[in-house]
Amino acid sequence: MRIIDQHVHSEFSFDSIESIENYLKVSDSPIITTEHADFECFCMNGGDTAFDYDEYAEQVEELNKRYDNRVLKGVELGYTERVKDRLLEFIDKREFDLILLSVHENDEVDYMDSMDRNSFREILPGYYENIIKSVVDFHHVVDVVAHMDFVLRNKEYEMEDVFEQESLIKSALEIIIKYDLALELNTRGLYQFKNGRYYDYLFSLYKGLGGKRISIGSDAHRIKDFKLNFDGAIKFVEDRGLDVSNIKF
999 MRIIDQHVHS EFSFDSIESI ENYLKVSDSP IITTEHADFE CFCMNGGDTA
1049 FDYDEYAEQV EELNKRYDNR VLKGVELGYT ERVKDRLLEF IDKREFDLIL
1099 LSVHENDEVD YMDSMDRNSF REILPGYYEN IIKSVVDFHH VVDVVAHMDF
1149 VLRNKEYEME DVFEQESLIK SALEIIIKYD LALELNTRGL YQFKNGRYYD
1199 YLFSLYKGLG GKRISIGSDA HRIKDFKLNF DGAIKFVEDR GLDVSNIKF
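Position 227, counted from 1, in the sequence shown is what our numbering calls 1225; the numbers after and before it change by one each time, with no gaps.
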């Protein structure tokens, strides 16, 4: 089975300038882009980053006429409890082939901001609590819980800090399993941010709790990161006794 990159951004996302067509040109498989939909973002001084769905759908339709129906539509929902109704409204009555669920921030912190170890330890419990809330609120409409390493990026930390939150991490994984969602291996997190020890620990807990479904996504925002080290990522998953699968397609 050819594994599709299930976390990709194009120029329809606020932080990418890559065209969808460029991804098509380097792949003979179907592609899917999962464009950002975040509202009232702390990192944008309260602004929205949701994309223009109508323009996106129109371009996908046009490309599918030229590229043998190889383009699928996706979205990455950026959860905060305060905007859950706006997120649900955004996806309502719109067609998506894949929906990712992400936690990028709370109302006070962008979880990707640099911070020292003490600050990291203060925000870590809330990060996992927000993942739990996000799954409770969105399990009926999403397919994948994305990049659970996001909070580690650009941080000073030790794995012991993560181990201290094992009870919360297990609770998050249990609810992901309960609702039969897939857990993402984000190759940007694995290779660029060097979070292999974390993913090893996370997947060990996930498998021990009965988890099986793994989605692989590069989180590419530019063509050079598309399918970033997928061969290594597939081996990483399989070496831990888990299965890689295309979710829904």
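The beta-carbon is built from N, C-alpha and C at its ideal position, and this holds for glycine as well.
Residue burial classification, residue i (beta-carbon count within 10 angstroms, cutoff 16)
| i | result |
| --- | --- |
| L1207 | exposed |
| G1072 | buried |
| V1087 | The identity of residue 1087 in the sequence shown is Glu, whereas the question assumes Val. Label assigned to E1087: exposed. |
| S978 | Because the chain spans 999 through 1247 in this model, residue 978 falls outside it and cannot be assessed. |
| E1074 | buried |
| S1100 | buried |
| D1217 | buried |
| N1128 | buried |
C-alpha gap between residue i and residue j, whole angstroms
| i | j | result |
| --- | --- | --- |
| K1222 | D1095 | 24 angstroms |
| I1018 | L1150 | 29 angstroms |
| E1016 | D1159 | 36 angstroms |
| M1146 | Q1057 | 31 angstroms |
| L1054 | F1224 | One detail in the question is off: residue 1054 reads as Tyr in this sequence, not Leu. Y1054 and F1224: Cα-Cα distance of roughly 19 angstroms. |
Residue of the options minimising C-alpha distance to residue i
| i | options | result |
| --- | --- | --- |
| K1082 | H1137, A1055 and L1122 | H1137 |
| M1084 | M1157, D1198, A1035 and V1107 | A small correction: the amino acid at residue 1084 is Arg; Met does not occupy that position in the sequence shown. Answer by Cα proximity: A1035. |
| S1008 | R1000, D1026, N1043 and V1069 | V1069 |
| I1232 | I1214, N1104, V1006 and G1124 | I1214 |
| K1153 | Y1177, F1037 and E1120 | E1120 |
| Q1004 | E1053, V1142 and Y1125 | V1142 |
| E1106 | K1091, N1043 and A1144 | N1043 |
| R1220 | D1026, T1031, I1002 and V1140 | T1031 |
The alpha helix (DSSP H) enclosing residue i, as first and last residue numbers
| i | result |
| --- | --- |
| A1231 | F1228 to D1237 |
| S1165 | E1164 to K1176 |
| R1115 | R1115 to F1136 |
Where the beta strand (DSSP E) containing residue i begins and where it ends
| i | result |
| --- | --- |
| D1036 | I1029 to D1036 |
| A1180 | A1180 to N1184 |
| I1214 | R1211 to G1215 |
Taking contact to mean at least 3 C-beta pairs separated by less than 8 angstroms, is the region 1223-1234 in contact with the region 1167-1185? yes
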